[in-house]
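Chemist: In this note's numbering, the protein residues as written are 6 to 162. Note that the Cβ used here is the ideal one computed from N, Cα and C, for glycine as well. As the structure is a computational prediction, the values presented were derived from the model and not from experiment.
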């Protein structure tokens, strides 16, 4: 599993924007920026939709006021699902990124097999990334939602 102080692995993520489908490298997404990245096991799932994403939406201004350039949400879903989920929650200040084949999640060592639920998914986590280097990593234990909450991350900034 990736650790604090390490550089993010090279990978690509997808984003559906008004300009169409974008394929983005982690280098382009994280170079020369301070980013809060949070990951969820699945878009439209209960904890993700009722708490995780909404808290980051609510606290986005306070997070960016701490010198954060961007907030990204990533999930092992496709870009169409991530766009629809962001629109359903009015997540206009959060980039909704898709890791469709879980390659980024696996490269981080933060994947988990949920078997019949959805196959390979991401563990729930948040991280602070400065110029591609992880400066804070907050990985949840299974079935917990404590350390990756927006409020918890805000306290660490």
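#1: Give the range of the alpha helix (DSSP H) segment to which residue 91 is assigned.
#2: With DSSP as the reference, identify every bridge partner of residue 32, one or two as the case may be.
#3: Hey, how far is the Cα of residue 102 from the Cα of residue 65?
#4: What runs of the alpha helix (DSSP H), each 4 residues or longer, lie entirely inside the segment 62–137?
#5: Find out if the Cβ-Cβ distance for the pair residue 68, residue 95 is shorter than 8 Å.
#6: Where does the unbroken alpha helix (DSSP H) through residue 156 begin, and where does it stop?
#7: If we count Cβ pairs, one from each stretch, closer than 8 Å, do we get three or more for the segment 18–27 versus the segment 45–61?
#8: Less than 8 Å between the C-beta atoms of residue 159 and residue 9, yes or no?
#9: For the segment 143–150 against the segment 119–127, do three or more pairs of beta-carbon atoms, one drawn from each stretch, fall closer than 8 Å, so that the two count as touching?
#10: Tell whether a beta-carbon distance below 8 Å holds between residue 135 and residue 39.
Modeler: Checking against the coordinates, here is how it stands:
#1: Reading the chain shown from its first residue, position 86 is the one you call residue 91. For residue 91, the enclosing alpha helix (DSSP H) stretches over residues 84–93.
#2: In the chain shown, counting from the first residue as 1, residue 32 sits at position 27. In the DSSP secondary-structure assignment, residue 32 is not bridged to any residue.
#3: Walking along the chain shown from the start, residue 102 turns up at place 97. Walking along the chain shown from the start, residue 65 turns up at place 60. Each residue's Cα considered, the two are about 16 Å apart.
#4: Runs found: 84–93, 108–113.
#5: Residue numbering aside, residue 68 sits at position 63 when the chain shown is read from its first letter. Residue numbering aside, residue 95 sits at position 90 when the chain shown is read from its first letter. No, the Cβ-Cβ distance between residue 68 and residue 95 is not below 8 Å.
#6: Within the chain shown, the letter at position 151 stands for residue 156. 155–161 is the span of the alpha helix (DSSP H), which, as asked, contains residue 156.
#7: Too few Cβ pairs lie closer than 8 Å, so no.
#8: To locate residue 159, count along the chain shown from 1; it is residue 154. To locate residue 9, count along the chain shown from 1; it is residue 4. Cβ atoms of residue 159 and residue 9: not closer than 8 Å.
#9: Result no; under three Cβ-Cβ pairs closer than 8 Å.
#10: Along the chain shown, one-based indexing puts residue 135 at 130. Along the chain shown, one-based indexing puts residue 39 at 34. Yes; because the gap between Cβ atoms is below 8 Å, this pair is in contact.
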